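Trainee: Input: one structure, supplied below.
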Amino acid sequence: MAGRCGTKLAVIFIILVLSACAEAGVSIYFDQETAPVSPVLVKGQIMIPLGPLVEYAGADLEWLNEEEVRITRGGTVIVMRVGDPSAEVNGAPVSTNVPPQEVDKQIVFPLRFLVNNLSLSLEWDSSVSALRLSGGTGKAKDSPKASIERAGNGDTGTENGEEEADSLFEDVPVIESVRLDSLDGRPLLVISSGRRVEHRETLLANPARLVIDVLGVRLGEVTDLDVDDPVVSGVRVSQFEDTVVRIVLDLSAPTGYAVKESDTGLSVHLFHQVSGVTLERLAGRATLSVLVSGSPRYEINYLQSPERLVLDVFEASLTSAPCVSEVDDPVVKAVRVSQFAPGIARIVLDLKQSVNYLPVPGVLSSGEIAVDLWENGQPGIAYAAEGENDPPLPSNVPDDIGEDGLGIEQRDGLLRGVRIVLDPGHGGVQPGAVGPAGTFEKDVNLAIASMVEEFLKVAGAEVILTRRDDRDVQLNERAAVVSRVDADLFVSIHANAFGERDAHGTETLYNPVLPENARLAAEIQQALVSELGTVNRGTKVRQDLAVLRNMHVPAVLVEVAFIDHPHEERLLRDEAFQRRAAEAIALGIAAFIGNSGSQGGIE
Amino acid sequence: MNSRVRLTIWVVCGVLVLGFALGLAVFERRGETALSTNEMLRLYFATPDGSYLVDELRLVPAGISPKEVLELLIQGPLPGSYLVRTIPVGTRVNSVKINDTTAVVDLDKSILKVHSGGSTGELMTVYSIVNTLTSFPGIERVRILIDGENVETLAGHVDLSAPLGFDKTLLFATPDGIEDECPPLP
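So, in structure tokens, the structure goes:
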């Protein structure tokens, strides 16, 4: 809210306050607490006793004699004398218009003068019909709520000749009522002003609230609303500026809305909230439950390739961040929840197979949308015992045994005549990614590549490395090695990074320019995740990797694990892990060659 | 495409258009300022595992420049988003120049020092820029320079020697087809 007003606004403000004093009574708040003072009006000025204000401001008060007082706050020194309209601020004379004086046996001081010179702020809070001071540093003393003492004498004259100020408020619409209704279980705030009014709106977070400023209006006899609603937890109403009424809806979470203007005022429609999504498995069925406020309209669509079920909830807002949850279920792979568009909350189930589904009837009234799913072709049939339908677990093969039960040593001769280029990524001044413990990717890459070389040589391959020590080799030079030595295969070995700790696992990238690249990538990827037990991030098609550019032999880029993931960094530093990764890469290459049917002669 | 899906498309699109027409904005920005509701742009950020790019719809002032959009991208996703930033904090954009349908993005070289590296980190950085700028009307490809110079890569993987186009393969495979057939937003 505006802390300081211009001179004219200040004058208007004082006039407002005057009329409020005379008509309704006004109290003063120090921040949120009722101030233990009784303000009085003298010649249009609000006057208050000095003690509580000075204490609230955290200022020092010293009576120099019976007539003269000195107030110090920060670097400001104010000297005032009873009966003297000329005060001193830091030694300079300043007029107070109305001097400090005795009223009803206590000495009162001009409030506005003190507020301005003690660097406090003063605002009119019409919702509590009170003046609210802020900016104090001291602690206001507890006391019974003070009520205004009438100024009497009707002395409410304006000052400085600003009589026209009152006319500013003629013919301004008045907000007569603000009430909270419900429409389809959604909150609906109705603001009645008797005619069409303009507004502006802002949705804010932390805490969640919708701020509606109604423009060109004054506030009638309207107070804050106590409401009992899951979406709207409170409605606060105040005269924000001279002709701006601010209505704040406190929300349980940021929620979409629509504000509609009509000939009688405004209506604020709030969306339904989608506050939770669960997937449960019971008696052969998976049940998706979506917690909603009210009874929103929704739609379910079944989409194919890949199979998924999409539930759209209309005029609804997610109350949490969008998210993806991998689930352990025979038919559902993952549940994704997102705000698809303003007003459409979307829940997607990624499915492992095709399913039948049926919305569960009759639960919407209980604040939930539920959908049952079950395996296609087996309606109502209970699933086999848990685990039976699960995909096979990664095989816990011993370190030196491949998928066919043979270690690389048993593949003696398989790779005879095959010339393979291994490319340890980065090097020299290019460290690659750096782990949180300071591990350089270039060192890990070289260590693993050297071990792959050992394994491949055992199997009879001829192996060339693009670097054997810590040096920077240009990317095109690495690729050129393949042509120069007339190699049959190229494998670039890397460790991955993303900068976010959530990223971990193994992936293999390839350029689909040669069709067999996909198979080489798949063989290596499969061997690595089986051997290492890392998260399988899959093989990825990339046509833009510089080192695989213009490669005319089967070629892939392996990202063994994430070096910027603390756990995987430890693994990548571990020689045993490096060796297992190396053997898996060698086994993947061997499987590719072995299944090519053109041993030693890949074209 | 069956009629059911087609119907869905029109329903979804209809609700979208209606929604924007009514000015139903649930968008917000850091701090207390609301955006003026002029234009809708997609800013691409990464999923926390770096597997996908996901667009965040933003209402931006009309006439926002590609450079300003890039600076929004560098600021990262909105508070509360599950998405994560794709460009290191503090990365400076020297300029974005439009050459026919190609945006030429010139980044300060400081990004080379602070980038996480990794093919995943590099792909997310490069394609969050490329996908975001190519969703700008009239921009089809993006060329990335460092301090005005051609560079082979940012961190040793992704070839930057030629302009790059929008990469669909990095997108989260969600509303497939549905979004593609929507009429352009008003």
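These protein sequence lines are chains A and B, in that order.
Last residue of the first sequence? That's 603 in the working numbering, and every number before it is there in order.
Last residue of the second sequence? That's 1186 in the working numbering, and every number before it is there in order.
By construction, the Cβ of each residue, glycine as well, lies at the ideal position given by its N, Cα and C atoms.
These numbers were taken from a predicted model, which means no experiment stands behind them.
(1) How many Å lie between G1118(B) and E575(A) at the Cα?
(2) Against R537(A), what residues of chain B qualify as contacts under a CB-to-CB distance less than 7 Å, listed in chain order?
(3) Does any residue of chain A bring its CB to less than 8 Å from the CB of P1137(B)?
(4) Looking only at its own chain, which residues have a Cβ that is under 8 Å from the Cβ of V1096(B), when we skip the five neighbours before and after it?
(5) Would a check of beta-carbon distances place D1159(B) closer than 8 Å to chain A?
(6) Report the neighbours of V541(A) on chain B: residues whose CB is nearer than 8 Å to its CB, in chain order.
(7) Run through chain B and tell me which residues come within less than 7 Å of L514(A), C-beta to C-beta.
(8) Using CA atoms only, rank isn't needed, just tell me which of G538(A), L282(A), L351(A) is closest to L309(A).
(9) Residue range of the beta strand (DSSP E) that A130(A) falls in?
(10) Output the boundary residues of the alpha helix (DSSP H) element that contains F455(A).
(11) Below 9 Å on C-beta distance, what does S1116(B) contact in chain A?
(12) Counting Cβ pairs closer than 8 Å, one from the stretch 450-469 of chain A and one from the stretch 519-532 of chain A, do we hit at least three?
(13) When we look at the beta-carbon of K260(A) and count the other beta-carbons within 10 Å, is it buried (16 or more) or exposed?
(14) Whose Cβ in chain A lies nearer than 8 Å to the Cβ of T1153(B)?
(15) Can you name the start and end residues of the beta strand (DSSP E) that E88(A) belongs to?
(16) L1022(B) CB to nearest chain A CB: under 8 Å?
(17) Let me know if W661(A) comes out buried or exposed under the rule of 16 or more other beta-carbons within 10 Å of its beta-carbon.
(18) According to the neighbour-count rule (16 or more other Cβ atoms, all chains shown, within 10 Å of its Cβ), is D488(A) buried or exposed?
(19) DSSP state of A586(A), grouped into three classes?
(20) Taking a contact to mean a Cβ-Cβ separation below 8 Å, would you say E523(A) touches G428(A) in this structure?
(21) Counting C-beta neighbours from all protein chains within 10 Å, is the total for V556(A) 16 or more, i.e. buried, or is it exposed?
(22) Listed from N- to C-terminal order along the chain, which residues in the stretch 200-215 of chain A have their beta-carbon within a distance smaller than 7 Å of any beta-carbon of chain B?
(23) I1144(B) bridges to which residues according to DSSP?
(24) In chain B, which residues lie with their C-beta within 8 Å of the C-beta of R467(A)?
(25) Compile a chain-ordered list of the residues in the stretch 561-593 of chain A whose CB is closer than 9 Å to at least one CB of chain B.
(26) Residues of the stretch 1080-1098 of chain B in Cβ contact with chain A at a cutoff of 7 Å, in chain order, please.
(27) Please confirm if Q273(A) has its CB atom under 8 Å from at least one CB of chain B.
(28) Can you tell me which residues form a DSSP beta bridge with T534(A)?
(29) Check distances from the C-beta atoms of the stretch 315-327 of chain A to those of chain B and list, in chain order, the residues that come in under 8 Å.
(30) Taking Cβ positions only, does Q430(A) come closer than 8 Å to chain B?
(31) Here's a check: name, in chain order, each residue in its chain whose Cβ is nearer than 8 Å to the Cβ of L188(A), leaving out the five neighbours to either side.
(32) Would you tell me roughly how many angstroms separate the C-alpha atoms of E568(A) and F1166(B), rounded to the nearest one?
(33) For P554(A), does the three-state DSSP call read helix, strand or coil?
(34) Taking only the alpha-carbon atoms, compute the straight-line gap between E68(A) and R112(A) and give it to the nearest angstrom.
(35) Under a CB-based cut-off of 8 Å, is A447(A) close to chain B?
(36) In terms of alpha-carbon separation, which member of S483(A), L133(A), W374(A) lies closest to P330(A)?
Mentor: Reading from the atomic positions:
(1) 21 Å
(2) S1051
(3) no
(4) S1065, P1066, K1067, L1070, A1103, V1104, V1105, D1106, L1133
(5) yes
(6) T1169
(7) Neighbours of L514(A) on chain B: none; closest Cβ ~17 Å, over 7 Å.
(8) L351(A)
(9) 130-134
(10) Where F455(A) is concerned, the enclosing alpha helix (DSSP H) stretches over 441-458.
(11) A433, V434, A497, F498, G499, E500, D564
(12) no
(13) Residue burial annotation: K260(A) is exposed, with fewer than 16 other C-beta atoms found within 10 angstroms of its C-beta.
(14) L475, A546
(15) 86-89
(16) In this predicted model, L1022(B) has a pLDDT of only 44, less than 50, meaning its place in the structure is not dependable; the value taken from the coordinates is given anyway. So, interface residue.
(17) As shown, chain A starts at 1 and ends at 603. That puts residue 661(A) outside it, with no answer to give.
(18) buried
(19) Residue state, collapsed to three classes: helix.
(20) no
(21) buried
(22) T202, L203, L204, A205
(23) V1105(B)
(24) Chain B residues near R467(A): none, gap ~13 Å exceeds 8 Å.
(25) Correct list: F562, I563, D564.
(26) Within the stretch 1080-1098 of chain B, the qualifying residues are G1080, S1081, Y1082, V1084.
(27) no
(28) According to DSSP, T534(A) bridges with nothing at all.
(29) Cβ contacts with chain B come from S317, A321, P322, C323, V324.
(30) yes
(31) L180, D181, S182, S267, V268, H269, L270
(32) 32 Å
(33) coil
(34) 19 Å
(35) no
(36) W374(A)
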